[in-house]
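Number of protein chains: 2
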Amino acid sequence: MKIKGQHFRTIWLHETDPVIQIIDQRFLPHQFIINDLHTVNDVFMAIRDMQVRGAGLMGATAGFGMWLAAREAADKESFEDFLSAAAGLLKSARPTAVNPEWAVNRQLLAIAKGNTIDEKIKIAKNTAIMIADEDAEYCRRLGNHGITIIEEIAKRKKGEPVNILTHCNAGWLAFVDYGSATAPIYEAFERGIKVHVWVDETRPRNQGAGLTAWELLNHGVPHTVITDNTGGHLMQHQMVDLVITGADRVTRSGDAANKIGTYLKALAAQDNNIPFYVALPSSTFDWQLLDGVKEIPIEERSDAEVKYVYGLCDGEIKKVLITPQESPVANYGFDVTPARLIKGLITERGICPANEKDILKLFPEQMKAGYIKRD
Amino acid sequence: MKIKGQHFRTIWLHETDPVIQIIDQRFLPHQFIINDLHTVNDVFMAIRDMQVRGAGLMGATAGFGMWLAAREAADKESFEDFLSAAAGLLKSARPTAVNPEWAVNRQLLAIAKGNTIDEKIKIAKNTAIMIADEDAEYCRRLGNHGITIIEEIAKRKKGEPVNILTHCNAGWLAFVDYGSATAPIYEAFERGIKVHVWVDETRPRNQGAGLTAWELLNHGVPHTVITDNTGGHLMQHQMVDLVITGADRVTRSGDAANKIGTYLKALAAQDNNIPFYVALPSSTFDWQLLDGVKEIPIEERSDAEVKYVYGLCDGEIKKVLITPQESPVANYGFDVTPARLIKGLITERGICPANEKDILKLFPEQMKAGYIKRD
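Just so you know, the sequences run in chain order A and B. Per my numbering, the first sequence starts with residue 227, numbered consecutively. Per my numbering, the second sequence starts with residue 227, numbered consecutively.
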């Protein structure tokens with residue numbers, strides 16, 4: 227998407243050199259910094275230190291990391307040993323994230339097919355580009371399906387802006403381009419449909435206030451930042467037409483784990499008859515699970531994320547303490563929105579109601595795989 | 227309540243001098259500072275600058291302000307003119323707050339009954355003390371009624387701690403003592419019932435993280451600070467037994483306006499079969515209103531409250547910017563929880579279901595007053 231009129235992806239190949247370039251998201255929304263990644267170790271640190279984050283982007287980054295690893299491996303005593311160690315390193319960067327592991331394994335399988343080292347390096351490069359392009363393409367398709375929902379509301383509102391609420395960042399910054407929850411919004415914006423986005427700030431890490439607001443602002447999409455407490459009031463007063471969020475994991479029955487607080491917005495949407503959609507590339511489905519609330523483990527994160535808030539102060543990024551130093555803090559990263567509160571799932575193959583039967587109609591190849599009923 | 231073992235109220239008379247002392251809440255939870263108020267102008271600034279806040283405490287502070295005003299007026303050309311100007315000043319300090327106005331009017335009526343200036347000053351002092359004592363006494367009674375709810379849950383849980391979630395600060399810092407939502411909790415704690423409080427941080431001003439956590443910590447009540455996004459997840463996992471919040475305005479039908487975000491917690495409580503109570507001294511009822519969502523005006527506050535977060539940084543209180551500087555922000559102060567989501571109202575006269583008939587059973591003197599149906 228665009229930053230001050232110029233098109234960017236979140237990750238790309240340097241024009242001339244064997245270097246990967248990324249937007250260092252740790253400094254957003256205050257500073258726009260592009261980092262060069264020269265080695266697999268640079269890539270490891272970029273994932274570990276959250277210079278890049280978001281499922282799609284982490285996968286693409288790990289994919290490019292394997293290309294850099296293959297280049298480095300060419301000079302080593304054992305190409306295979308170095309590549310294998312690099313794969314382990316990249317997988318360990320964010321242990322709970324699934325996408326880096328998936329991308330690394332895909333690379334290992336692809337690279338194994340090369341006959342010479344030069345061929346292997348070439349395959350690694352092409353595979354990395356393919357992983358990134360596919361991620362962008364899936365999001366683009368998802369947007370093309372999702373826009374029908376916005377179009378329908380726009381028609382009903384006769385040109386009045388469609389007000390869409392979103393939580394956390396499921397924007398292009400979390401993927402290679404377009405985003406998941408934002409893809410239908412960007413598509414509507416491109417087609418000249420009037421949209422306005424309510425951006426939940428999304429405590430504790432403020433990915434809404436810091437990332438979603440930044441990307442909408444730079445692309446030119448009208449938006450307003452609100453505290454996470456505000457959505458219910460807006461919905462009571464007909465100021466929200468539609469909710470779209472991303473997801474971190476969705477069961478085959480349609481229960482969606484997403485950033486903590488998503489469930490509260492889904493409840494408010496239901497109470498006020500507002501359609502609540504979850505947008506996801508199908509890689510986010512966990513075909514093994516049926517009961518999200520019971521079966522999806524919820525990560526507990528550091529209390530420092532709640533106690534301290536990061537932001538810009540006198541031109542520098544600083545943190546301020548907002549609780550008594552001695553008060554205990556709990557920090558659950560995600561919650562699960564039961565399928566009964568979700569009007570539909572927006573995927574790269576189309577939109578479907580959030581239940582096992584309809585999901586499997588869209589993904590029939592998963593019919594027999596996956597969940598085994600436990601009696 | 228207690229601060230490091232010593233009993234405090236939020237406002238009190240100096241032991242020997244004609245001076246009012248308050249806890250300056252702007253510096254909590256990081257610094258404990260007591261301010262001396264010598265003049266009605268000091269009192270005006272204490273209310274305006276939010277050194278004191280909370281309905282009950284603002285009323286008590288304005289009451290004491292009128293005593294200081296009467297003392298000052300004694301030296302002026304016209305006692306009445308000075309007192310009247312002082313009354314106007316105090317009422318203007320926080321225009322949307324009802325309690326300062328109520329306390330000032332009560333003082334004006336009382337003072338008018340004095341025959342000499344000395345008598346008027348004496349009446350003003352006694353009335354100020356009475357207003358403060360009544361506020362504390364109403365909260366104490368409210369706690370004595372509310373504790374029955376906690377006791378019942380404690381019995382069912384056979385000694386396991388009762389987990390109570392609260393939003394914002396409806397604690398003793400918002401009143402003269404005990405608080406509203408916290409009064410049953412402090413009472414349970416005194417009686418040795420095991421309680422644990424989930425404290426919503428309450429963006430944008432973080433009164434939960436800053437004030438509620440601080441007062442519970444200092445009194446010794448077990449608690450855990452959470453982001454406003456977290457309560458739904460806790461309720462889904464049986465980690466909350468009871469929700470108690472305060473209120474800013476409650477209709478005669480039981481709809482409750484309270485700090486923004488309260489409605490979302492009420493929805494989650496309903497979805498998980500958890501009792502949701504609102505605690506209020508009866509002065510919080512607005513007998514004129516029947517439909518809270520439609521009829522209670524919701525204050526929009528400065529966008530700076532959302533964009534900047536205040537906290538401790540290198541030993542000083544600083545603010546950090548968390549959004550892009552150019553992103554628009556909306557800041558609604560309150561939302562309305564419909565009576566249908568409220569299990570009961572805890573008042574100084576007892577607990578009642580949140581509907582007009584049952585509320586009026588407890589306050590029969592309001593039966594004929596108030597609301598006029600508009601056809």
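Where is the CB? At the ideal position from N, CA and C, for every residue including glycine.
Less than 7 Å between CB atoms is the rule here; does residue i satisfy it with respect to chain A?
i         : result
Lys-544/B : yes
His-459/B : yes
Ala-482/B : no
Pro-430/B : yes
Trp-398/B : no
Ser-479/B : no
Leu-538/B : yes
Val-519/B : yes
Thr-471/B : no
Glu-552/B : yes
Tyr-558/B : yes
Asp-497/B : yes
Ala-505/B : no
Asp-454/B : yes
Leu-443/B : yes
Determine the closest residue to residue i out of the options, with distance taken between C-alpha atoms.
i         : options                                    : result
Gln-333/A : Thr-287/A, Gln-496/A, Glu-363/A, Leu-506/A : Thr-287/A
Arg-235/A : Val-466/A, Glu-441/A, Ile-577/A            : Glu-441/A
Cys-394/B : His-233/B, Glu-360/B, Ala-435/B, Glu-345/B : Ala-435/B
Lys-520/A : Ile-273/A, Ala-483/A, Asn-499/A            : Ala-483/A
Pro-550/B : Ile-452/A, Ala-494/A, Ile-246/A, Gly-282/A : Ile-452/A
Gly-457/B : Ala-494/B, Asn-581/B, Asn-261/B            : Ala-494/B
Thr-265/B : Gln-433/B, Tyr-558/B, Ala-300/B            : Ala-300/B
Lys-351/A : Ala-336/A, Cys-365/A, Ile-373/A            : Ala-336/A
Asp-474/A : Ile-259/A, Met-284/A, Gln-247/A, Trp-238/A : Met-284/A
Lys-346/B : His-422/B, Arg-274/B, Arg-297/B            : Arg-297/B
Ala-530/B : Ile-376/B, Arg-429/B, Tyr-364/B, Gly-231/B : Arg-429/B
Gln-514/A : Leu-586/A, Val-447/A, Arg-382/A            : Leu-586/A
Glu-525/A : Ala-556/A, Gln-277/A, Met-465/A            : Ala-556/A
Lys-420/B : His-459/B, Ala-380/B, Leu-443/B            : Ala-380/B
Val-504/A : Asn-389/A, Lys-485/A, Asp-517/A            : Lys-485/A
Gly-537/B : Ile-229/B, His-463/B, Pro-255/B, Asn-267/B : Pro-255/B
Gly-231/B : Lys-317/B, Gly-559/B, Leu-443/B, Thr-392/B : Leu-443/B
Ile-568/A : Cys-578/A, Gly-397/A, Tyr-364/A            : Cys-578/A
Trp-398/A : Asn-581/A, Arg-566/A, Thr-438/A            : Thr-438/A
Asp-517/A : Asn-581/A, Ala-312/A, Gly-472/A            : Asn-581/A
Val-447/B : Gly-418/B, Glu-427/B, His-463/B            : Gly-418/B
Leu-571/A : Ile-357/A, Asp-584/A, Asp-561/A            : Asp-584/A
Compute every distance between the C-beta of residue i and the non-hydrogen atoms of the ligand MG, then say whether any falls below 6 Å.
i         : result
Leu-391/B : Ligands displayed in this structure: none; no statement on the ligand MG is therefore possible.
Please report the Cβ distance between residue i and residue j, rounded to the nearest whole angstrom; I am assuming they are in contact, meaning their Cβ atoms lie under 8 Å.
i         : j         : result
Asp-403/A : Met-227/A : 6 Å
Met-461/A : Asn-432/A : That pair is no contact at about 22 Å.
Ile-259/B : Ile-246/B : About 15 Å separates the two Cβ atoms, so there is no contact after all.
Val-476/B : Phe-502/B : So it is not a contact: roughly 14 Å between Cβ atoms.
Val-423/B : His-449/B : 4 Å
Val-269/A : Gln-251/A : Going by Cβ atoms, the distance from Val-269/A to Gln-251/A rounds to 15 Å, so no, they are not a contact pair.
Asn-261/B : Ile-248/B : 5 Å
Enumerate in chain order the residues of its own chain whose CB-to-CB distance from residue i is below 6 Å, with the five nearest sequence positions on each side excluded.
i         : result
Ala-354/B : Gly-289, Phe-290, Trp-293
Asn-325/A : Ala-281, Met-284, Gly-285
Gly-369/A : Tyr-404, Ala-409, Pro-410, Glu-413
Val-609/A : Because chain A in this structure spans residues 227 to 601, residue 609/A falls outside the shown range and cannot be described.
Arg-366/B : Tyr-404
Ala-407/A : Thr-392, Ala-396, Ile-470, Thr-471, Gly-472, Ala-505
Val-466/A : Asn-389, Leu-391, Leu-460, Ile-500
Can you find a CB in chain B that lies within less than 7 Å of the CB of residue i?
i         : result
Thr-392/A : no
Ile-548/A : yes
Asp-601/A : In this prediction, Asp-601/A has a pLDDT of 43, which is less than 50 and means its spatial position is unreliable; nothing more can be read from the coordinates.
Glu-386/A : no
Ala-286/A : no
Thr-242/A : no
Tyr-489/A : yes
Ala-486/A : At residue 486/A the sequence reads Ile, which differs from the Ala that was named. So yes, Ile-486/A belongs to the interface.
Gln-462/A : yes
Trp-440/A : yes
Strictly by DSSP, which residues pair up with residue i?
i         : result
Trp-424/A : Leu-391/A, Thr-450/A
Leu-547/B : Leu-538/A, Tyr-534/B
Gly-570/B : Tyr-503/B
His-233/B : Lys-228/B
What does a CB cutoff of less than 8 Å around residue i pick up in its chain, not counting 5 residues either side in sequence?
i         : result
Lys-348/B : Gly-340
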